[in-house]
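Taking the numbering used here, the leading residue of the sequence shown gets 9, the next gets one more, and so forth.
Every residue gets a Cβ at the ideal spot worked out from N, C-alpha and C, and that includes glycine.
Okay, so here's the structure we're looking at.
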Amino acid sequence: MKRVLKAILDDIQHGKNVESYLIIVLVVIIAILDIFGFSNRDWVTEITLTVLALIVYDRIQTKRSLENVNSSLQKIKQGHTFEYSNEIDTLQINRRIESAKTIDWLAFSNAKTVKIFRSHISKCLSEGGEIRMLLYDSTGKLFQDLEKDPTLSTKEYKEYSGGAGDAIKFCFKNLLQPDIQGKLEIRLLDRVPPYRLTMYNMNHENGYVRLHILRPSNSPEAATIAWAREDDPEWFRVFAEQYETLWENSTSLPQRRLI
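As structure tokens, then:
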């Protein structure tokens, strides 16, 4: 009984189910008055009508609550809040790349991505977009060679084919044209967190993120999780801050090292 009373008091304090409890109280009062012969037809009728009005109001509120829950479930189902997929939606990525003001990539090499979306990345840069890439230098050799000679030729980068060097070579050869209005920056990491990340318009209201959790090579492919800033601003901020921290602690690679 104490638990029931406590639950009722908690509900009332938080404004929950107030109409339902009021209906119960009024019904109990009418019953008690009728038992002891104090009932009056006129005010009993008024109280009864009040109770009926409260019942109707309570049903309307319940219906609205159910509609809100159903609407939220539909948004999740349709991918308006979060998107879960093992497949790459190429058309959607094309549109996001072309229209983005900023793109921030965190990847092992990004070589495959820059080749697949070459024309769209070029369009983004030609229209003033700013792109940053954080790439993984697994052997540390890129670090060492850049320290020795900051102007390595394209030919000398061939030994890194398939890794970060391949992506760097491709970017400087195919994306950094003299007439571009945008900016492309590449930095190297000697370690990466267990995920890949793409953030579109990180510092804008229409920000969007695609997060791919990495798994061991013998495990099934992990799904990509994607969401807009407005859908979950807190988690968006968390990954934006992580990216900035990694960027600040990475090795800088000037825009035109390759000759």
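Classification of residue i by the beta-carbon crowding that lies within 10 angstroms, buried from 16 upward
i: Asn94; result: Low confidence applies to Asn94: its pLDDT is 46, below 50, so where it sits in the model is not reliable, and the reading given next is rough at best. Asn94 comes out exposed.
i: Ile221; result: exposed
i: Ser130; result: buried
i: Thr118; result: First, the amino acid is wrong: residue 118 is Asn here, not Thr. That one is buried.
i: Ala236; result: buried
i: Leu196; result: buried
i: Val122; result: buried
i: Ile194; result: buried
i: Val217; result: buried
i: Lys14; result: exposed
For residue i, the first and last residue of its enclosing alpha helix (DSSP H)
i: Val217; result: Counting along the chain, Val217 falls outside any alpha helix (DSSP H), though it belongs to the beta strand (DSSP E) covering Tyr216 to Ile221.
i: His128; result: Arg126 to Ser134
i: Phe247; result: Pro241 to Glu256
Span separating the alpha-carbon of residue i from that of residue j
i: Arg104; j: Ile31; result: 54 Å
i: Pro201; j: Glu135; result: 31 Å
i: Glu242; j: Ala248; result: 10 Å
i: Leu154; j: Lys120; result: For Leu154, the pLDDT reaches just 49, beneath the cut-off of 50, and the residue's location in the model is therefore unreliable, although a value from the coordinates is still provided. Rounded to the nearest angstrom, the two C-alpha atoms are 23 Å apart.
i: Arg204; j: Leu60; result: 58 Å
i: Leu254; j: Ser260; result: 12 Å
i: Val35; j: Met210; result: 57 Å
i: Tyr251; j: Ser28; result: 50 Å
i: Phe116; j: Ala234; result: 19 Å
i: Glu256; j: Thr232; result: 26 Å
i: Thr206; j: Ala108; result: 12 Å
i: Gly137; j: Leu219; result: 21 Å
i: Asp239; j: Arg72; result: 22 Å
i: Leu160; j: Cys179; result: Its pLDDT being 45, under 50, Leu160 is placed unreliably by the model, and nothing is read from it.
i: Val246; j: Asn214; result: 16 Å
i: Phe244; j: Glu75; result: 28 Å
i: Ile40; j: Glu54; result: 16 Å
Residue from the options with nearest C-alpha to residue i
i: Val258; options: Glu213, Ile221, Arg199 and Val246; result: Here residue 258 is Ser; the residue named in the question, Val, does not match the sequence. Cα-wise, what sits closest to Ser258 is Arg199.
i: Ile111; options: Tyr216, Gln250, Asp239 and Tyr208; result: Tyr208
i: Asn102; options: Ala115, Phe116, Ser127 and Leu114; result: Ser127
i: Leu114; options: Ser107, Phe125, Gln100 and Leu143; result: Leu143
i: Cys268; options: Thr98, Lys191, Ile124 and Leu99; result: Only positions 9 to 267 of the chain appear in this structure, which leaves residue 268 out of reach.
i: Gln189; options: Arg245, Gln250, Ile139 and Phe125; result: Ile139
i: Leu99; options: Phe116, Phe125 and Glu75; result: Phe125
i: Ile63; options: Val33, Ser107 and Ile40; result: Val33
i: Leu57; options: Ile38, Glu75 and Met141; result: Ile38
According to DSSP, residues forming a beta bridge with residue i
i: Tyr203; result: Ile221
i: Ile139; result: Ile111 and Leu192
i: Ser260; result: Arg195
Minimum Cβ-Cβ distance from residue i to chain B less than 8 Å
i: Val33; result: Chain labels in this structure do not include chain B; a single protein chain is all it has.
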